[in-house]
Ligand code: SF4
């Protein structure tokens, strides 16, 4: 029930859900939030919000919140509530025991893109400085790690090129593998506004998304590609650009590496990459692909926005590089209205990557195996650092099952529900000698834990989030932490108990340290954030107030690097037994695995995951709308209700993953991106049949 009375005071803070990063006024009576109102001064949202953000405060006071630290010797035992001191000392002692028994590298830590920059920074610092290895990773591993890799390889910076406002100057908006009106609703509305004003639209997605229904003055093209054929599509689009003379020759000559360009150009010009030869593979008529390529290349300002439908594939990184190639070839980089723009799923995906939560990179994307870089951090942190990159999340699971990885500290991430092939993940977690879970709810991962450290919500702490446009926004504490500690204080206490001193008095001091070690954050401080409202990095002496549009004059690597993007079909193919392809996505009122939104009023709108199936496929299987169906893959099976929908193409089915019992990740496979191990959530061959399980 929402109290609509008058607030006594209000605090400006940032939504903790998606990568838009909307600014809100938390309206308060005493310590209670009575309303969240979108803040007009917010540079990302300009006073708008979606149905998720407005009701987000509901989960902060939900009865399921964890309020007491708990420990147990084994996962078969009941939990014992203990003091913070006892829980922290227990965790630290057991971590050291595991290291003494199995070696320094037998432990690691995972942080979350839902946590603040300061919290993720501290987790990776704890792993590196206190535990002495680089086994640190973030849940961005399973969403946008290919963005980090692909954009760094081509444009030289692991981040989107534009600010959101830039879309208002786009003449052609190309959306690939994203559903902005559901997953990034405030930015989706901004896109709609621009479309109504006259921009044209291209959507490359197996599913007919709502954006296609927006009345728009320009032409709208839907490319309903077969899941797994993104790279074939981007090569076919590039083929049309180079063979029909649609390149921006001046941009290419001035900004791109000439040798790379000639090699890339010769590759995409090959007939095997033509729309005519790839149409059957992609599942879209050649003429439609040609029209899309012409529309994007000749529009004036062509802007590409993409989501997890690009990254969560075995060729996710290849596709990101293919998008950057196409943007460079057409001169669509370096000014408002164009660019390559990843739509980050969670509030702080960009930030968790910036903060060095990767096993091979220190904060600021600086390689850990570079002695010079390491030396600077050794001075700053007062400790020697391990040179060898550590384990990525999936490799931690593999090593755990092989008996080589024995303890894990997980902050704010439900790996048991969100990572693919649940059976494999659970086997790995069960084999650990110590699992420390720091979270706000007793999530699926906690079933395998030995220590529970109750975390704090975005309303209970100070910090910063960095949104999809590199905008660093302040998160401000509006109520005391329910369990008594903010997350950064918990990590700091654990580091101190491990014998590595951390002495921060406020997250602003952590940000000051980040600014001293990460060059793109050099001039960022809480005072400056308060003064400017928000800052888009890089923020340094060259760009003292940040940089809304990147790569205006040059790339950080000098010239843009075009990369050959050979299409290699995924090994996950349909067969007689598994004749349909399953792909996954999100719905407007729920967020990710639903741990937060399921505990708010949003549940009223969407209270279960369903399987969308084309009426033709349903008829072949004698499946009626609303009927429970069994979905079986080569990995596992689950039961969902069917929803007959012409949004899907025949041969492709779709579900969301907001509810633990829906078991979407029981079905998904172990396939992953060749460069980053981001799981291939978007392509699973399945069979669907009527079920009497429900
Ligand atoms: Fe804004 Fe995203 Fe929060 Fe909605 S979920 S209010 S779009 S940040």
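Numbering (this note's numbering), first residue to last: 40 to 733.
Ideal Cβ positions, reconstructed from N, Cα and C, are used throughout, including at glycine.
Under the three-state reduction of DSSP output, residue 345 falls in the strand class.
Our two residues, residue 578 and residue 661, have alpha carbons roughly 59 Å apart in a direct line.
Taken in chain order, the whole beta strand (DSSP E) runs of length 3 or more contained in the stretch 203-243 are 211-215, 239-243.
Our two residues, residue 132 and residue 537, have alpha carbons roughly 8 Å apart in a direct line. Sorting 82, 296, 465, 629 by C-alpha distance to the C-alpha of residue 192 places 296 at the top. For residue 275 and residue 138, the gap between their C-alpha atoms comes out near 52 Å. DSSP places residue 696 outside both helix and strand once states are collapsed to three, so it counts as coil.
Neighbourhood of the ligand SF4, defined by CB distance below 5 Å to any of its heavy atoms: 54, 56, 57, 59, 61, 88, 89, 91, 92, 224, 225, in chain order. Our two residues, residue 557 and residue 390, have alpha carbons roughly 12 Å apart in a direct line. Around the C-beta of residue 221, 16 or more other C-beta atoms lie within 10 Å, and the residue is accordingly described as buried. Counting only runs of 4+ residues, the alpha helix (DSSP H) found wholly inside the stretch 519-552 occupies 526-536, in chain order.
Bridge partners of residue 261 according to DSSP: 242. Sequence-distant partners of residue 404 (beyond 5 residues in either direction) whose C-beta falls short of 6 Å from its own C-beta, in its chain, are 197. Counting only residues of its own chain and dropping the five nearest sequence neighbours on each side, residue 253 has a CB closer than 6 Å to the CB of 231, 234. Between residue 299 and residue 601, the C-beta spacing is below 7 Å. Residue 595 has its alpha-carbon roughly 15 Å from the corresponding atom of residue 367. Under the 10 Å beta carbon count, residue 540 is surrounded by fewer than 16 other beta carbons and is classified as exposed. The closest CA to that of residue 455, considering only 670, 446, 654, 465, is found on 465.
For residue 66, the uninterrupted beta strand (DSSP E) segment begins and ends at 62-68. Contact check for residue 53 against residue 60 passes: the beta carbons are separated by less than 7 Å. When beta bridges are read from the DSSP output, residue 448 appears opposite 148, 475.
Given a length threshold of 4 residues, each whole run of the alpha helix (DSSP H) inside the stretch 76-148 is given here in chain order: 90-93, 96-99, 123-141. Residue 597 is bridged by DSSP to 594. Counting along the chain, residue 680 sits inside the beta strand (DSSP E) bounded by residues 676-683. One alpha carbon belongs to residue 525, the other to residue 500, and they sit about 6 Å apart. Residue pairing by DSSP places residue 74 opposite 66 in a beta bridge. For residue 319, the uninterrupted alpha helix (DSSP H) segment begins and ends at 314-321. With contacts defined as CB atoms closer than 7 Å, residue 270 and residue 606 qualify as a contacting pair. Excluding residues up to 5 positions away in sequence, 353, 611, 719 lie with their Cβ nearer than 6 Å to the Cβ of residue 710 in the same chain. Proximity of the stretch 62-75 to the stretch 446-462 falls short of the contact definition, fewer than three beta-carbon pairs being nearer than 8 Å. By the Cβ neighbour-count rule, residue 477 is buried, with 16 or more other Cβ atoms within 10 Å of its own. When the Cα atoms are used, residue 531 and residue 655 turn out to be separated by approximately 57 Å.
With 16 or more other Cβ atoms inside 10 Å of its own Cβ, residue 158 counts as buried. Here the alpha carbon of residue 267 sits roughly 8 Å from the alpha carbon of residue 721.
In this structure, residue 251 sits away from residue 264, with a CB-CB distance that is not shorter than 7 Å.
Counting only residues of its own chain and dropping the five nearest sequence neighbours on each side, residue 161 has a CB closer than 6 Å to the CB of 527, 530.
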